[in-house]
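Q:
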Amino acid sequence: MSALLIAGSPSERSRSAALLDAVAQRLTVRGALVDRIHIRDLSPQALLLADFGHPTVVGAVDQVAQASVLVVATPVYKAAYSGVLKVFLDLLPQTALKGKIVLPLATGGSPHHMLALDYALRPVLQSLGAKSILPGIYATDAQVTLTPEGAYHVNEDIATRLDEAVNVLVTETLRPSPAQATRFAPVHFSQVRCSV
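Under the numbering used here, the first residue of the sequence shown is numbered 17, with each subsequent residue one higher.
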C-alpha cells in the first residue's frame with residue numbers, strides 16, 4: 017500500500033501536520049510506503065496562476081496519481097479548508113482520485129467548525145472521483161497541544177480515532193473490489209472442453 021499525506025497548511029509547523037505525522041507513524045508500522053506533499057513548498061505562483069506545466073505542480077500531481085491512499089490534512093479557516101489546499105485541488109485532473117481511498121483530517125480553534133470536513137472538503141474530494149472517503153477526523157486546539165519542547169502532542173481521544181481510521185485504511189486497501197471478488201479464476205486453454 018502506498019499512502020500520500022497531503023499537508024494543506026500554509027504554516028511550516030501546524031496542528032494539522034501533527035495529525036499527519038501521527039498517521040504516518042501508524043501507517044509505517046503497518047508496512048505502508050508513505051510519501052508527503054507540503055503544498056506550501058510548491059511554487060506559489062504556479063498554484064495561483066494554475067500553471068499545470070510547472071515542475072512542482074507536475075511532480076505533485078504525479079504523486080497523487082501513484083498513491084492508492086490519500087490522507088489530506090488542513091486547518092479550518094472561516095468554516096472552510098485552507099486556501100492553499102483549495103488551489104492545489106483545483107489543479108488536479110477531474111478523475112485524479114478515481115479508485116483511491118481518502119482520509120480527511122482537519123484542525124480548528126473550536127468544535128464549531130467540525131462540519132467543514134463534511135460540507136466543504138468532502139464534496140470536492142467526491143467530485144474528484146474518490147472511491148471511498150472515510151469519516152473525517154477533526155481536532156481542536158485543545159486536542160493537539162503544544163508541549164514545552166515545542167512539539168505537538170495528540171491527545172488520547174484523537175490518537176484512538178487515528179488508530180481506528182488507519183485500521184480501516186489498511187483493511188479497505190487490502191479488500192478486493194467487488195469486480196475482483198466476483199471474477200472467475202483464469203482457465204488455461206488446455207482445460208477448455210467444447211462439445212459440438
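Built from N, CA and C at the ideal position, the CB exists for glycine as well. All values reported here derive from a predicted model rather than from experimental measurement.
Use the C-beta contact count for residue 29: other C-beta atoms within 10 angstroms, 16 or more gives buried, fewer gives exposed.
A: By the neighbour-count rule (16 or more Cβ atoms within 10 Å), residue 29 is not buried but exposed.
Q: If we count the other Cβ atoms within 10 Å of its Cβ and call it buried at 16 or more, is residue 116 buried or exposed?
A: Residue 116 comes out buried.
Q: Please report the distance separating the alpha-carbon of residue 23 from that of residue 31.
A: Spanning the two alpha carbons is a distance of roughly 10 Å.
Q: Cβ of residue 83 within 9 Å of Cβ of residue 51?
A: Yes. Within cutoff.
Q: Between the Cα of residue 91 and those of 103, 186, 181, 124, spot the shortest distance and give me the residue it belongs to.
A: Selected option, being the one with the closest Cα: 124.
Q: What residue range does the alpha helix (DSSP H) around residue 214 cover?
A: Any answer about residue 214 is impossible in this case: the structure gives the chain only from 17 up to 212.
Q: For residue 189, which of 37, 26, 49 has the nearest alpha-carbon?
A: When each option's Cα is compared against that of residue 189, the closest is 49.
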